[in-house]
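Here the structure comes first, spelled out in structure tokens, and everything after it is commentary.
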């Protein structure tokens with residue numbers, strides 16, 4: 026599976042951004058799609074995940090602010106990020122996950138910088 030992420034940038038605290046991740050290739054093998062992020066000096070963490078059935082799950086730190094969604098016709102997953110905080114600054118990666126929850130493919134990261 027090939028994943029192409031886009032939509033990162035610089036935004037002020039309280040602002041919004043929408044990330045997109047377009048999938049191509051063996052997309053039938055994808056059971057779920059996830060957004061992860063990695064801040065400088067920190068481990069990569071799961072931000073949100075959406076299954077092929079549309080179920081979603083979020084990290085506690087982004088609940089109520091971020092929304093993951095998918096457009097099956099476009100093979101694209103989105104991450105709408107509202108009320109952004111400086112601590113949301115990170116490189117964001119989209120990932121294709123197996124039915125067991127393991128990541129099978131990573132997209133290239135897109136940088137999100139939130140200024141205070």
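Numbering (this note's numbering), first residue to last: 26 to 141.
Backbone N, C-alpha and C define an ideal beta-carbon position, used for all residues, glycine too.
Since we're looking at a predicted model, the values are computed, not measured.
State the CB to CB distance for the pair residue i and residue j, rounded to an integer number of angstroms; the pair is presumed to be in contact (CB under 8 angstroms).
{"i": "residue 92", "j": "residue 105", "result": "4 angstroms"}
{"i": "residue 135", "j": "residue 30", "result": "5 angstroms"}
Distance check for residue j and residue i, CA to CA, integer angstroms please.
{"i": "residue 121", "j": "residue 129", "result": "6 angstroms"}
{"i": "residue 85", "j": "residue 55", "result": "24 angstroms"}
{"i": "residue 36", "j": "residue 44", "result": "13 angstroms"}
{"i": "residue 47", "j": "residue 98", "result": "11 angstroms"}
{"i": "residue 82", "j": "residue 74", "result": "5 angstroms"}
{"i": "residue 60", "j": "residue 124", "result": "16 angstroms"}
What span of residues does the beta strand (DSSP E) with residue i cover, start to end?
{"i": "residue 136", "result": "135–140"}
{"i": "residue 122", "result": "115–122"}
{"i": "residue 41", "result": "Residue 41 -> no beta strand (DSSP E), and no H or E assigned at all."}
{"i": "residue 127", "result": "No beta strand (DSSP E) holds residue 127; DSSP gives it neither H nor E."}
{"i": "residue 71", "result": "70–76"}
DSSP puts residue i in a beta bridge; with which residues?
{"i": "residue 49", "result": "27"}
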